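See structure below.
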DNA sequence: ACTTAAATTCATCACATGATGAGTTCCAGT
DNA sequence: ACTGGAACTCATCATGTGATGAATTTAAGT
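Chains as they are written, first to last, in our numbering: chain H, 325 to 522; chain S, 325 to 522.
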């Protein structure tokens, strides 16, 4: 017997076969950041969840912020979605936006990075800066460039409405907001957006 | 010379004169909780800010949660404000609510506990529970009891709108929302609330 | 004046955190 | 077959965390 490494207690060194550990770590990281925010998530907890030594996380991503940045691949590209929305007939804009939000947030995988961003931005200045930047340049910038005559303040009121609803629905999970149906919510808040953006 | 304690390096034991340290600690705590949320604020940081030994914080409040609870004396009593709002003529409700929000949040001292609550609720389950409870029983309960025929979902949409705006204004501090005037905001979002609550 | 209680610090505990450097095992290109 | 690098763990550091118990000084109650 040539002292083959025990199966259960995989020791040191590279594992045989192809490796997908990096992706596994990222997946766990996304989930934990979404759940606890940047500051509330520890490298070691991520490593533990991925069944891996903390140093490996470091090996792949260098620093905690490195993990965060990689984990934040946005699940919705504004440069794709916004033009599509803006090309719609004006009177259907409100409804289309609400539907888009509900669809993206309704899917756990696409919701995770958004939740992570939102949670982290509340207590971490760096994350807040990212989100501020997103709101101002990705949204306001593009909407303005598209021949928009809508005041920035109005756009932000609309963004605020959506952020608030998402918080009540997915962070605080208050009823009945948490389990309201898509149609119900569209009927309720689409007119609000419509009014802001007219 | 009777080895009188040096003035600068106050040593052990009680300080002469009347004592207001407890309040000082609470004040710093409120500020830090508002700034960083529950998890982001450390007992030691509070103590440092108050110029006091960490153990003293413990002496007064027992545990970190104890500090939080004491620091969260709500600066607005729903059982006072809500009836006043609800007794107004229906068509001025939206405006009155927006004005109330802006007033309370405009004052740094009254804003602090609210910000603390909001920030903490995003990452801390216990704080989230407090806030959920607040939304459901303090708001929905009371509004329902006052002969309100407004669906809960509508009320929550209104709450969401206000939460979202406050986040953009006071947490992310995006412009122009951050420095918009009271009248401007009233004109913008009062009609939204009015529609939800009609 | 004496005694109890409150206010305050000091010295610790046990534990979690992010980071680093070195060692081991395997894969891929030659 | 050899070798460079990638994957992976271990041991360890310095620091920060919430909590506790004892010691000291002052204020209040009698």
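For every residue, glycine included, the Cβ atom is placed at its ideal position computed from N, Cα and C.
All values derive from a computational prediction rather than experimental measurement.
| query | result |
| --- | --- |
| Segment contact flag, the stretch 377-397 of chain H with the stretch 465-481 of chain H, C-beta cutoff 8 Å, min 3 pairs | no |
| Euclidean distance between Cα positions of residue 294 of chain H and residue 358 of chain H | This structure cannot speak to residue 294 of chain H, because chain H is shown only from 325 to 522. |
| Buried versus exposed, by CB contacts within 10 Å (16 or more), residue 331 of chain H | Caution is warranted here: a pLDDT of 42 is assigned to residue 331 of chain H, below 50, making its placement in the model unreliable, and the coordinate value is therefore given only provisionally. Classification of residue 331 of chain H: exposed, given that the 10 Å Cβ count is below 16. |
| Rounded straight-line distance, which links the Cα of residue 394 of chain S to that of residue 342 of chain H | 55 Å |
| Amino acids of chain H, ordered along the chain, whose beta-carbon sits closer than 7 Å to that of residue 513 of chain S | 481 |
| Contact check, residue 365 of chain S vs residue 364 of chain H, beta carbons under 7 Å | no |
| Beta carbon of residue 489 of chain H nearer than 7 Å to that of residue 418 of chain S | no |
| Candidates H:392, H:494, H:346 and H:397: closest to residue 375 of chain H by CA position | H:346 |
| Distance between residue 501 of chain S and residue 513 of chain H (C-alpha atoms, nearest Å) | 20 Å |
| Distance between beta carbons of residue 434 of chain H and residue 399 of chain H, contact taken as under 8 Å | 4 Å |
| Exposure label - residue 387 of chain S; buried when at least 16 CB within 10 Å | exposed |
| Spatial neighbours of residue 326 of chain H in its chain, beta-carbon cut-off 7 Å, leaving aside the 5 residues before and after | With a pLDDT of 40 at residue 326 of chain H, under the threshold of 50, the modelled position of that residue is not reliable, and no figure is offered here. |
| Per-residue DSSP class, three states only, for residue 390 of chain S | helix |
| Euclidean distance between Cα positions of residue 416 of chain H and residue 518 of chain H | 8 Å |
| Length of the line joining the Cα atoms of residue 361 of chain S and residue 444 of chain S | 4 Å |
| Local conformation of residue 433 of chain S per DSSP, three classes | helix |
| N- and C-terminal bounds of the alpha helix (DSSP H) containing residue 456 of chain S | 449-457 |
| Residue 398 of chain S in three-state terms, based on DSSP | coil |
| Residues that residue 315 of chain S contacts on chain H, provided the C-beta gap is smaller than 8 Å | Nothing about residue 315 of chain S can be reported from this structure: the residues present for chain S run from 325 to 522 only. |
| Neighbourhood of residue 511 of chain H by C-beta distance below 6 Å, restricted to the same chain and skipping five residues each side | none |
| Test: residue 361 of chain H CB closer than 7 Å to a CB of chain S | yes |
| Neighbourhood of residue 352 of chain H by C-beta, 6 Å cutoff - its chain only, sequence neighbours within 5 removed | 370, 373 and 374 |
| Interface partners of residue 508 of chain S on chain H, CB under 8 Å | 477 |
| Chain S within 7 Å of residue 504 of chain H, Cβ atoms only | yes |
| Separation of residue 348 of chain H from residue 453 of chain S, as counted between CA atoms | 31 Å |
| Contact under 7 Å by Cβ, residue 420 of chain H with residue 409 of chain H | yes |
| Secondary structure of residue 519 of chain S, DSSP reduced to three states | helix |
| Neighbour-count burial assignment, residue 404 of chain H, 16 or more Cβ in a 10 Å radius | exposed |
| Simplified DSSP state of residue 428 of chain S, which is helix, strand or coil | helix |
| Minimum Cβ-Cβ distance from residue 498 of chain H to chain S less than 7 Å | yes |
| For residue 353 of chain S, three-class secondary structure by DSSP | helix |
| Sub-7 Å separation of residue 498 of chain H and residue 450 of chain S beta-carbons | no |
| Members of the stretch 415-443 of chain H near chain S, C-beta cut-off 9 Å | 442 and 443 |
| Residue 489 of chain H - containing alpha helix (DSSP H), residue span | 476-490 |
| Partner residues on chain S for residue 456 of chain H, Cβ-Cβ distance less than 8 Å | 496, 497 and 498 |
| DSSP-derived helix/strand/coil call for residue 465 of chain S | helix |
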